[in-house]
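Asker: Sharing a structure with you now.
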Ligand SMILES: [Zn+2]
């Protein structure tokens, strides 16, 4: 089915990091990747995706406790903060679009990266590990520091992401039964 591109009638358009322009409504809130006209598959994240898409819940809880957020709009550490970290590190690889004016899409923020969802997952985990290393290194508790460093020595990002994505794939069938529209 094709719809004519009526200005103002079909929702807003946004430019992806590769330069391709799409209508925001082409991105369904259940989508995780977008097969782009440029030939690449881009990771897609919206603010309605829970942070445990990327990180186990205990880690999300740790971050929520450890990181004081100053934004009133996003008081609790969540997906927007994770993507904010990626955006800060890789500003040319990720675009963010505020779609809060469009009530129909079901989300208010949209992030798209040049790389696919798996790579984005790895990037997020790598950056969060760095963030936590930084936080722990400022801790007065030297025992906690050495424990954390020991755990991180054994931590393999690629293995973690592989395993986590396998587990989530099974769960997602229950979590997003009709989310793909
Ligand atoms: Zn593209």
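In our numbering, the protein residues as written are 3 to 183. Cβ coordinates follow ideal geometry from the N, Cα and C atoms, glycine included.
Considering only C-alpha positions, which residue in the set 55, 149, 167 is nearest to residue 135?
Answerer: Of the listed residues, the one whose Cα sits closest to residue 135 is 149.
Asker: Taking the beta carbon of residue 155 as the centre, do at least 16 other beta carbons fall within 10 Å, making it buried, or is it exposed?
Answerer: exposed
Asker: Exposed or buried, what is residue 19 when buried is set at 16 or more other beta-carbons lying within 10 Å of its beta-carbon?
Answerer: buried
Asker: For the alpha helix (DSSP H) holding residue 121, just list the boundary residues, first then last.
Answerer: 119-139
Asker: Could you spell out the range, first to last residue, of the alpha helix (DSSP H) harbouring residue 154?
Answerer: Segment 144-155, the alpha helix (DSSP H) holding residue 154.
Asker: Within the continuous alpha helix (DSSP H) that includes residue 60, where are the two ends?
Answerer: 59-68
Asker: Look at the Cβ atom of residue 112, then the Cβ atom of residue 98, and state whether they are nearer than 9 Å.
Answerer: yes
Asker: Using three-state DSSP, classify residue 104 as helix, strand or coil.
Answerer: coil
Asker: Of the residues 116, 124, 59, 89, which one's Cα is nearest the Cα of residue 43?
Answerer: Taking residue 43 as reference, the option from 116, 124, 59, 89 with the minimal CA-CA separation is 116.
Asker: Considering only the beta carbon of each residue, do residue 34 and residue 119 sit closer than 9 Å?
Answerer: yes
Asker: Please indicate yes or no: does the CB of residue 97 lie closer than 8 Å to some heavy atom of ligand 1?
Answerer: no
Asker: For my contact list, residue 107 and residue 27 are in at a C-beta cut-off of 8 Å; report their separation, rounded to the angstrom.
Answerer: 6 Å
Asker: Applying the 10 Å Cβ sphere with the 16-neighbour rule, what's the burial state of residue 60?
Answerer: exposed
Asker: Could you please give the first and the last residue of the uninterrupted alpha helix (DSSP H) stretch that includes residue 81?
Answerer: Membership of residue 81 in the alpha helix (DSSP H) is indicated by the continuous run 81-91.
Asker: List the DSSP bridge partners of residue 31.
Answerer: None, per the DSSP bridge assignment.
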